[in-house]
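See structure below.
Number of protein chains: 2
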Amino acid sequence: LTQKEYAIIVAGGKGTRFGTSLPKQFLELNGKPVLLHTLEAFYRYSPQIEVILVLPEDQISTWRDTAVRYSFNHELTVQSGGPSRFQSVKKGLEKIHGEGLVAIHDGVRPLVTSALIADSFRYAALHQSAICAVPLKESLRMVEDSSNSKAVDRSAFRLIQTPQTFKVSLLKNAYTAPEVADATDDATVFERAGHEIFLFDGSYDNIKITTPEDLRIAEALLRHRL
Amino acid sequence: LTQKEYAIIVAGGKGTRFGTSLPKQFLELNGKPVLLHTLEAFYRYSPQIEVILVLPEDQISTWRDTAVRYSFNHELTVQSGGPSRFQSVKKGLEKIHGEGLVAIHDGVRPLVTSALIADSFRYAALHQSAICAVPLKESLRMVEDSSNSKAVDRSAFRLIQTPQTFKVSLLKNAYTAPEVADATDDATVFERAGHEIFLFDGSYDNIKITTPEDLRIAEALLRHRL
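These protein sequences, in sequence, are chains H and E. Quick note, our numbering runs 331 ahead of the 1-based positions in the first sequence. Quick note, our numbering runs 331 ahead of the 1-based positions in the second sequence.
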């Protein structure tokens, strides 16, 4: 029995770190906006997936123009975001009315593959949550104060990516809790509600575009994928 | 009063993860072996720097050929490495006879800049050690066992790069201790000897080439730097 599958694509950032007025999710990557790469990855995984795209209110008209210009044909729900990522995901969740599984994914992780999305739904169906994560390649130190740090065993840590996929009702319930400042991702919100977090292997390719350099790295990675 | 400056470039890896027989430090990056980019960065910083290149015994003839083919003209000391990074650095340190400052750097971090090397020597002169480090861009979780993990505050951690620069006599002394398996870098060896570790800001560009994808990323980053 397969469950209904949803994706909430959260695209909140502005273009400030890029020195552009266009928010980074609308910048072109190999001739196509970052956000379109991201959305298309989910439709490649499943044409039936129900997508909720959460965008800042003032970017919704940019999205409409972009969809027309690039002939984006899929039906999706557009939802205006809140003042924080927490509020944005919460507003996205309100658009889901049934039970099923929901993948929360950063709009600026355009290199996510069908395989990774498939893994996230498959593991979430088994474990109620499935969080994409990779081991650290570099040594890690913990900073104790401005002048002290100590070596920690990097093998005990994972860098967390998206998609982060959950059973809808459990995640909705977790999002009824008050927002806390250090909840940097959905796994943290879910964990705070008392649920277990299941980690699965992500990919070093699945980068988040936050600087102009990241965009060039994504270009290089995409070029070799084609 | 400036101190004498040394660099130990450690290049130990093989090409296995690349599916090539040529070790990754000899693979070409924009038409020049990775290792040459790395070495040239140090000579760009200072033509007077004394460099010790530590290579596996069976790569020394490859190095000689490479130096001739690419007209590498700088004088440097070549030292055969040991069975581990710890042993290799230790053997490199034995080639330094005076006092001064020594930067230990991965042969496969070819994008290190003069500015970063300069910072490392400047801070090491003040603090006896200077370790290149960057904050984490992704959320971090600590893995407790095969099924449990918990969110940790990523702002309390740093990813550690090289160069790692030290006062020569203190580092030599630290390397007289027995090798321990979890000492993944020189900072850890130095710390174990009871010394303080000074961290300074590295760069996200200063990547370590460990996979074919890293090589493509380095190409993309270099292309935009020129």
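Glycine included, C-beta positions come from ideal geometry on N, C-alpha and C.
CB of residue i within 8 Å of CB of residue j, strictly
i: Phe-403 (chain H); j: Ala-455 (chain H); result: no
i: Leu-424 (chain H); j: Ile-339 (chain H); result: yes
i: Ile-532 (chain H); j: Ile-538 (chain H); result: It is Asp, not Ile, that sits at residue 532 (chain H) in the sequence shown. No. Outside cutoff.
i: Ala-482 (chain H); j: Ala-518 (chain E); result: yes
i: Val-420 (chain E); j: Tyr-337 (chain E); result: no
i: Phe-521 (chain H); j: Ser-477 (chain H); result: no
i: Ala-342 (chain H); j: Leu-407 (chain H); result: no
i: Ser-534 (chain H); j: Leu-457 (chain H); result: no
i: Ile-462 (chain H); j: Gln-418 (chain H); result: no
i: Gln-356 (chain E); j: Gly-413 (chain E); result: no
i: His-526 (chain H); j: Leu-552 (chain H); result: no
i: Ser-445 (chain E); j: Tyr-376 (chain E); result: yes
Cutoff 8 Å: residue i Cβ touching any chain H Cβ
i: Tyr-506 (chain E); result: no
i: Arg-472 (chain E); result: yes
i: Phe-497 (chain E); result: no
i: Asp-476 (chain E); result: no
i: Ala-464 (chain E); result: yes
i: Phe-417 (chain E); result: no
i: Gln-410 (chain E); result: no
i: Glu-510 (chain E); result: no
i: Tyr-337 (chain E); result: no
i: Glu-544 (chain E); result: yes
i: Gln-492 (chain E); result: yes
i: Ile-540 (chain E); result: no
i: Phe-488 (chain E); result: yes
Cutoff 7 Å; reference residue i; Cβ partners in own chain excluding five residues on either side
i: Ser-415 (chain E); result: Glu-510
Length of the line joining the Cα atoms of residue i and residue j
i: Glu-469 (chain E); j: Glu-430 (chain H); result: 29 Å
i: Val-365 (chain E); j: Val-399 (chain E); result: 15 Å
i: Thr-542 (chain H); j: Ile-548 (chain H); result: 10 Å
i: Ala-524 (chain E); j: Lys-503 (chain E); result: 10 Å
i: Pro-354 (chain E); j: Gln-390 (chain E); result: 8 Å
i: Leu-490 (chain H); j: Met-473 (chain H); result: 15 Å
i: Leu-367 (chain H); j: Ala-464 (chain E); result: 34 Å
i: Ile-383 (chain H); j: Arg-554 (chain H); result: 28 Å
i: Arg-453 (chain H); j: Ile-435 (chain H); result: 14 Å
i: Thr-333 (chain H); j: Asp-396 (chain E); result: 60 Å
Residues near residue i in its chain [Cβ-Cβ closer than 6 Å; skip 5 each side]
i: Val-499 (chain E); result: Ile-427, Glu-430, Gly-431, Val-433
i: Val-443 (chain H); result: Ala-372, Asn-537
i: Asp-450 (chain H); result: Phe-531
i: Trp-394 (chain H); result: Leu-386
i: Ser-411 (chain H); result: Glu-388
i: His-405 (chain H); result: Tyr-374
i: Lys-422 (chain H); result: Gln-410, Gly-413
i: Ile-515 (chain E); result: The residue you asked about is not Ile; residue 515 (chain E) is Thr in the sequence shown. No residues qualify anywhere along the chain.
i: Glu-381 (chain H); result: Tyr-337
Residues of its chain near residue i, where Cβ-Cβ distance is below 8 Å and the 5 sequence neighbours each way are ignored
i: Glu-550 (chain H); result: Leu-360, Asn-361
i: Arg-485 (chain E); result: Pro-466, Leu-467, Glu-469, Ser-470, Leu-471
i: Arg-440 (chain E); result: Thr-369, Gln-492, Thr-493, Asn-537, Ile-538, Lys-539, Ile-540
i: Gln-379 (chain H); result: Glu-336
i: Ala-508 (chain E); result: Val-520, Arg-523, Ala-524
Beta carbon proximity, residue i to chain E, threshold 8 Å
i: Asp-532 (chain H); result: no
i: His-405 (chain H); result: no
i: Asp-516 (chain H); result: yes
i: Arg-440 (chain H); result: no
i: His-555 (chain H); result: yes
i: Ala-372 (chain H); result: no
i: Tyr-586 (chain H); result: Because residue 586 (chain H) is not part of the residues shown, which for chain H are 332 to 557, the question remains open.
i: Leu-552 (chain H); result: yes
i: Thr-333 (chain H); result: no
i: Lys-468 (chain H); result: yes
i: Ile-427 (chain H); result: no
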